[in-house]
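Student: After the structure tokens below, expect a handful of questions from me.
Protein chains: 2
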Amino acid sequence: MPKIVDHVERRNELAWAACRAIVAKGIEQVTMRDVAAETGRSTGMVTYYFADKEALLTAALTTVTEACHRRIVSRAMQDPISIRELFSESLPLDKDRRLEWGVWLNYWAAIPTNQSLGSQQRQHYKSWHHILESALTRLEQEGKLRVGIDIPETTDFLMALVDGIGLRATLDPSGWPPGRQLAQLDRALTMVLAEVPTATASESPE
Amino acid sequence: MPKIVDHVERRNELAWAACRAIVAKGIEQVTMRDVAAETGRSTGMVTYYFADKEALLTAALTTVTEACHRRIVSRAMQDPISIRELFSESLPLDKDRRLEWGVWLNYWAAIPTNQSLGSQQRQHYKSWHHILESALTRLEQEGKLRVGIDIPETTDFLMALVDGIGLRATLDPSGWPPGRQLAQLDRALTMVLAEVPTATASESPE
């Protein structure tokens, strides 16, 4: 192993390789060897970074979650905030996000029998909720939301809708292209926004 | 094996045992032996009814799907139709439906790498959509829906929401009791119904 190496970067590379291997083989069946093969590295290198499969799975879930949250935080910090971009960051609209969704589906199946993954997943939803609720609160203060909306409940509602749309699109990618996903998101946003966006099919409705 | 036996009933018993075993062990790891143990029968009996694991998995998915569709069809045939009961039939509100959801989660993870399961799942959504769209069309003809609603799109919207709520409730059962699930469903139904139900927290809002 070379002495000078960007450990963070390599760990990240292996975690993304683990994501691809999980989607291809399933979370139960994937092996350290599969992850090595996926990224063209040795199995020894994978075990150097991840002591066992549990550590690898946790790293994969954390990597996907952090990538997703980073994008959403960046949307939430924009001024003005686009509520559509904020929520559509979580939809499987492109190749990278379809990979994320493939990973989620695998983790969800494993959660009922794996307490540690379950608590990580709940923490993920908590963080996601927090970022979105803060953004909606700011939009409300700017007078951009309908009067009298319950912000925490509306946040949960929109999160559930995004999960439902993303699920369908992941199970049936050709039946649910980005336009169809966004049209359903827009349907909910018209309930939430003070003024209905005029260009419902465009990229930037606000 | 006794000569007189209700084959349909026994096949059904084994398919439900397969569902419980899938949720407990995961779809990849579950074995014919696990299914036999789950229902207190011999492995020989399981293989008598299901030639291989693929046949067993298909039977489990079909059994869950048919049970769910039977309930929804029965709701759709009621007069008057309760739109809330129609959609909440698919939510994990009790032990039986939580089992169904555990099965869905396992199949979803397997679909990206199993074409046959994928086409079964798309067929399931198609049937579910068909039943719900017919019911919404009848409600529209009775003047019970808001004027100008796009019925097929609204059906997809409500299906996505139900999937998203059910997913959260399955991943976090104690955080998402029935009341919280139904409150989020009601939030969407107020967009759809001509008259907002007066008792939003009761069992029969219509």
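Top line first, the protein sequences correspond to chains A and B. Here the first sequence is numbered in my numbering, starting from 1 and rising by one per residue. Here the second sequence is numbered in my numbering, starting from 1001 and rising by one per residue. C-beta atoms are modelled at their ideal positions from N, C-alpha and C, and glycine is treated no differently. Predicted, not measured: the structure shown is a model, and the values here were computed from it.
(1) Go through its chain and collect everything with a Cβ distance to residue 32/A's Cβ below 8 Å, but skip five positions before and after it.
(2) For residue 1178/B, go through chain A and note every residue whose CB falls closer than 9 Å to its CB, in chain order.
(3) Which of helix, strand or coil does DSSP assign to residue 229/A?
(4) Given residue 1025/B, which residues of its chain have a CB within under 7 Å of its CB, disregarding the five upstream and five downstream residues?
(5) Alpha carbon to alpha carbon, how far is residue 136/A from residue 1190/B?
(6) Whole angstroms are fine: how far does the CA of residue 41/A sit from the CA of residue 1176/B?
(7) Pick helix, strand or coil for residue 1093/B, following the three-state DSSP scheme.
(8) Just how far apart, CA to CA, sit residue 201/A and residue 178/A?
(9) By the 8 Å beta-carbon criterion, what residues does the region 95-113 of chain A contribute toward chain B?
(10) Hey, would you say residue 102/A sits closer than 7 Å to residue 1163/B, going by beta carbons?
(11) With a threshold of 7 Å between beta-carbons, can residue 18/A be considered close to chain B, or not?
(12) Are at least three pairs of beta-carbons, each pair with one atom in the region 1072-1087 of chain B and one in the region 1121-1138 of chain B, less than 8 Å apart?
(13) Given this structure, state the Cα-to-Cα distance separating residue 15/A from residue 62/A, to the nearest angstrom.
(14) Is there at least one Cβ from chain B nearer than 7 Å to residue 171/A's Cβ?
(15) Quick one: Cα of residue 1075/B to Cα of residue 1086/B, how far?
(16) Name the DSSP bridge partner or partners of residue 145/A?
(17) At the 7 Å Cβ level, is residue 1157/B part of the contact set with chain A, yes or no?
(18) Excluding the 5 residues preceding and the 5 following residue 1169/B in the sequence, name in chain order all residues of the same chain whose CB lies nearer than 6 Å to its CB.
(19) Please report how far the alpha carbon of residue 1017/B lies from the alpha carbon of residue 1038/B, in whole angstroms.
(20) To the nearest angstrom, report how far apart residue 1009/B and residue 139/A are at their CA atoms.
Tutor: Let's see:
(1) Along the first sequence, one-based indexing puts residue 32/A at 32. Result list for residue 32/A: 43, 46, 47, 50, 53, 56, in chain order.
(2) The residue you call residue 1178/B lines up with position 178 of the second sequence. Per Cβ cutoff of 9 Å: no residues; residue 1178/B is ~15 Å from chain A at best.
(3) The first residue shown for chain A is 1 and the last is 206, placing residue 229/A beyond what the model contains.
(4) Here residue 1025/B refers to the residue found at position 25 of the second sequence. Excluding sequence neighbours, residue 1025/B sits near 1034.
(5) For the purposes of this step, residue 136/A is identified with residue 136 of the first sequence, where counting begins at 1. For the purposes of this step, residue 1190/B is identified with residue 190 of the second sequence, where counting begins at 1. In a straight line, the C-alpha of residue 136/A is about 21 Å away from that of residue 1190/B.
(6) Within the second sequence, residue 1176/B is the residue found at index 176, counting from 1. Within the first sequence, residue 41/A is the residue found at index 41, counting from 1. So the alpha carbons of these two residues sit roughly 43 Å apart.
(7) In the second sequence, residue 1093/B corresponds to position 93, counting from 1. If DSSP states are grouped into helix, strand and coil, residue 1093/B belongs with coil.
(8) The residue given as residue 201/A occupies position 201 in the first sequence. The residue given as residue 178/A occupies position 178 in the first sequence. For residue 201/A, the pLDDT reaches just 46, beneath the cut-off of 50, and the residue's location in the model is therefore unreliable, leaving the point undetermined.
(9) 102, 105, 106, 108, 109, 110, 111, 112, 113
(10) As a first step, residue 102/A is located in the first sequence; it is residue number 102 there, counting from the start. As a first step, residue 1163/B is located in the second sequence; it is residue number 163 there, counting from the start. Their beta carbons are not under 7 Å apart, which means residue 102/A does not touch residue 1163/B by this criterion.
(11) Residue mapping note: residue 18/A aligns to position 18 of the first sequence, counting from 1. So, not an interface residue.
(12) yes
(13) What you label residue 15/A is simply residue 15 of the first sequence in a count that begins at 1. What you label residue 62/A is simply residue 62 of the first sequence in a count that begins at 1. Straight-line Cα distance between these residues: approximately 9 Å.
(14) Position 171 of the first sequence holds residue 171/A. Taking Cβ atoms only, chain B reaches closer than 7 Å to residue 171/A, which makes this a yes.
(15) Here the question's residue 1075/B lines up with position 75 in the second sequence. Here the question's residue 1086/B lines up with position 86 in the second sequence. Computed Cα separation, rounded: 5 Å.
(16) Here residue 145/A refers to the residue found at position 145 of the first sequence. DSSP output for residue 145/A lists 193/A as bridge partner(s).
(17) As a position in the second sequence, residue 1157/B is number 157, starting the count at 1. Chain A, which has a Cβ nearer than 7 Å to the Cβ of residue 1157/B, makes this yes.
(18) Counting from 1 along the second sequence, the entry for residue 1169/B is found at position 169. Counting only Cβ-Cβ distances below 6 Å, and skipping sequence neighbours, we find 1092, 1176, 1181.
(19) Here residue 1017/B refers to the residue found at position 17 when the second sequence is read from its first residue. Here residue 1038/B refers to the residue found at position 38 when the second sequence is read from its first residue. Their backbone Cα atoms lie some 6 Å apart in a straight line.
(20) Within the second sequence, numbered from 1, the residue matching residue 1009/B stands at position 9. Within the first sequence, numbered from 1, the residue matching residue 139/A stands at position 139. Going by the C-alpha atoms only, they are around 57 Å apart.
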